[in-house]
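Convert by adding 6 to the 1-based position in the sequence shown; the result is the number in my numbering. Glycine residues also receive a C-beta, built at the ideal position from the N, C-alpha and C atoms.
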Amino acid sequence: MNRRLATIRPTQFDRNHLRPAAQYGAFVLLAAVLGVIVAWRAPSLGLQAGDALVRARGTVAAPNDIVIVAIDEACLARYGRFPWARTLLAQVLDKVAATQPRAIALDVLFSDVTNEADDAVLASAIQRAGNVIVAAQLVNEGKRRVTWLRALPAFEKAAAGVGHVNIALDRDGVARTILLRQIDDAAHPFWSMAVETLRVGAGLAASEVRETPEAVNIGARVVPVQFDAPSVPVASSNGAPVETVRAARLAIDYSGPVGAFAAQTVSVADLLDGKVDAARLRGKYVLIGATAALGDRVVSPFTRTEGANGNQNAAPLAGVEVLAHSLNTILRARFCTEVSDGWAFVLALLTAALMATALALAQGRFVWLQQLGVMIAVVLGVLLAAYAAFALRLIVLPVVPMLIASAATVPLMLLRRTWQASGALDARLHELSAVTNALSPPTALMSMFQPVSFAARRTFCPPRPIARDCWSSETVTAAR
């Protein structure tokens, strides 16, 4: 019998059953794949996670070399509704130019002819300043035709540069990036107002701003960007290299919500009244634009559309403020780095493995309490790591894939534990069945006893005629 017990072997199902390590790896991989798929199918989750990181970091001190000359409510109350007479804008330009700023960006479109004399006065003021950038805007004219809405030729000729003021909006309407260069259907490109302001302020020629395979170079300054579209040829001459334009997208590092540049903002009314010290503008990048409720208003990551309590964070930004944040991003080289898709999968895989390992190590009486603590610790660890990476290095970790992977690991590991318990129970039942079979008589031995029992019954129980005597009452009584 002991020899028979020693020969018990696992069944074919046990030999082919997934080993615990294989189960662990398969579930961790599945959780990571789920995290990446959810992030890919719902990109708005990643955008909102990035906005949460920006708000969690909070306000960053605005620089003092960018000044906004604002067309605010006080100006509208004094000079009337916008647009103003261009002679008045010429006075503003003369006042600003007298302070010797580094560059002047006019975040106002001058595409319409108002009065030839007034237009000539403004063109002369632009030319006298010598460092003014005028605006252009890419617009749709219907039937998918895209063209530039440009300043009057006299203004462009007098200006030191032309920059587009288009703001790139994501699918949820939030302005998180700018397109450094755009092109119309006539293959005419313009750099953004921020790039042109920086170029003019640095005294660079237009040819010193160029695209490279991975960045945009503004003189010696390298701006890493993300190219969203294939190259578009715009010029060629006698076999010379063809200039190309791609959608170079740059993430804006917002210094704060509305009013982040309040300390560096002066009113046009105060400027014309002589209340602004020239030192506040000297050697600075001066941006002239509307902050009153008349121009474009942009939703930023700091904007909370649900904040109806009057908090300034609930207010959208003026276009000139977005320009200030964009210019500051390039000047300070505060370039956000997004983790690639491959690294996002790796980080999701590591997070799922950490969660699975920690859950597997939970033992003792209060296993559920330990597992709850593990889940909270992993989630907090992911959030803290994402915050630290963004606040210290401006690295945007894939929070959504990591959190989804860690959350998906929990039910998968519970399923794995259920399978393990079921497998252990099956193995125990198999062992008990094997022991029972070993202790029971063999079938061949029982077949040997069948003829003997039949012969004994024939001997002690005669055929039918004798059976009545054998089982008669007298015989039974005698037997008793």
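Rounded straight-line distance, which links the Cα of residue j to that of residue i
i       : j       : result
Arg-10  : Ala-391 : Residue confidence is low: Arg-10 scores 45 on pLDDT, short of 50, so the model does not pin down where it sits. No coordinate-derived value is stated.
Pro-26  : Leu-355 : 18 Å
Ala-257 : Val-345 : 13 Å
Thr-415 : Arg-63  : 29 Å
Val-304 : Leu-337 : 22 Å
Gln-318 : Leu-353 : For Gln-318, the predicted model reports a pLDDT of 46, less than 50, meaning its position is unreliable; a value from the coordinates is still stated below. Using only the alpha carbons, I get a separation of about 36 Å.
Leu-360 : Val-384 : 8 Å
Ala-433 : Ala-440 : 11 Å
Ala-221 : Leu-400 : 18 Å
Asn-83  : Asp-190 : The question names Asn, but residue 83 is Ala in the sequence shown. Straight-line Cα distance between these residues: approximately 38 Å.
Ala-368 : Gly-379 : 10 Å
Arg-371 : Ala-362 : 19 Å
Gly-510 : Val-272 : A query on residue 510 cannot be resolved here, the shown segment of the chain reaching from 7 to 486 and no further.
Val-264 : Ile-132 : 29 Å
Val-274 : Glu-327 : 15 Å
Ala-67  : Ala-160 : 39 Å
Gly-207 : Gly-289 : 9 Å
Ala-135 : Asp-276 : 20 Å
Leu-421 : Leu-53  : 32 Å
Gln-29  : His-436 : 22 Å
Ala-284 : Ala-55  : 42 Å
Gly-179 : Val-373 : 46 Å
Ala-104 : Ala-299 : 29 Å
Leu-35  : Ala-444 : 43 Å
Gln-97  : Phe-267 : 24 Å
Val-75  : Leu-365 : 58 Å
Asp-57  : Arg-205 : 30 Å
Gln-90  : Ser-117 : Just to set this straight, residue 90 is Trp in the shown sequence, not Gln. Straight-line Cα distance between these residues: approximately 14 Å.
Leu-398 : Thr-297 : 31 Å
Gly-280 : Leu-185 : 37 Å
Per-residue DSSP class, three states only, for residue i
i       : result
Gly-167 : strand
Val-215 : strand
Ser-130 : helix
Ala-314 : Any reading at Ala-314 must be qualified, since the residue scores a pLDDT of 47, below 50, and its modelled position is unreliable; no value is offered.
Gln-232 : strand
Ser-332 : helix
Ala-27  : helix
Arg-47  : helix
Gln-143 : strand
Thr-343 : strand
Gly-295 : strand
Gln-188 : strand
Arg-156 : coil
Arg-63  : helix
Val-180 : strand
Pro-417 : helix
Leu-338 : Note that residue 338 is Arg in the sequence shown, not Leu. Coil.
Asn-70  : coil
Phe-372 : coil
Met-384 : In the sequence as displayed, the identity of residue 384 is Val instead of Met. In the structure shown, Val-384 sits in a helix (DSSP, three-state: H, G or I).
Val-114 : coil
Val-119 : coil
Ser-273 : strand
Ala-226 : coil
Pro-195 : strand
Thr-13  : Because Thr-13 carries a pLDDT of 45, less than 50, the predicted location of this residue cannot be relied on, and the following value inherits that uncertainty. DSSP places Thr-13 in coil when its eight states are reduced to three.
Short Cβ contact (8 Å threshold) for residue i with residue j
i       : j       : result
Thr-93  : Val-127 : yes
Ala-157 : Leu-115 : yes
Ala-164 : Ala-111 : no
Gly-169 : Thr-203 : yes
Pro-407 : Val-42  : yes
Ala-413 : Ala-38  : no
Leu-287 : Val-102 : yes
Ser-198 : Tyr-260 : no
Gly-295 : Asp-125 : no
Leu-323 : Leu-293 : no
Ser-332 : Arg-177 : no
Leu-386 : Phe-33  : no
Gly-262 : Phe-308 : yes
Arg-402 : Leu-59  : It should be pointed out that residue 402 corresponds to Val in this sequence rather than to Arg. Going by C-beta atoms, Val-402 is nearer than 8 Å to Leu-59.
Inter-residue CB distance, residue i and residue j (contact presumed, cutoff 8 Å)
i       : j       : result
Val-228 : Ala-254 : Not confirmed; about 12 Å, so no contact.
Pro-69  : Asn-334 : 6 Å
Asp-71  : Tyr-291 : 6 Å
Pro-404 : Ala-350 : 4 Å
Asn-172 : Leu-210 : Incorrect: roughly 22 Å between the Cβ atoms, too far for contact.
Ile-410 : Leu-40  : 6 Å
Ala-142 : Phe-196 : 5 Å
Query - Length-filtered (3 minimum) beta strand (DSSP E) runs lying within the stretch 72–101 - result: For the stretch 72–101, the continuous beta strand (DSSP E) assignments of 3+ residues that do not extend past its boundaries occur at 72–77, in sequence order.
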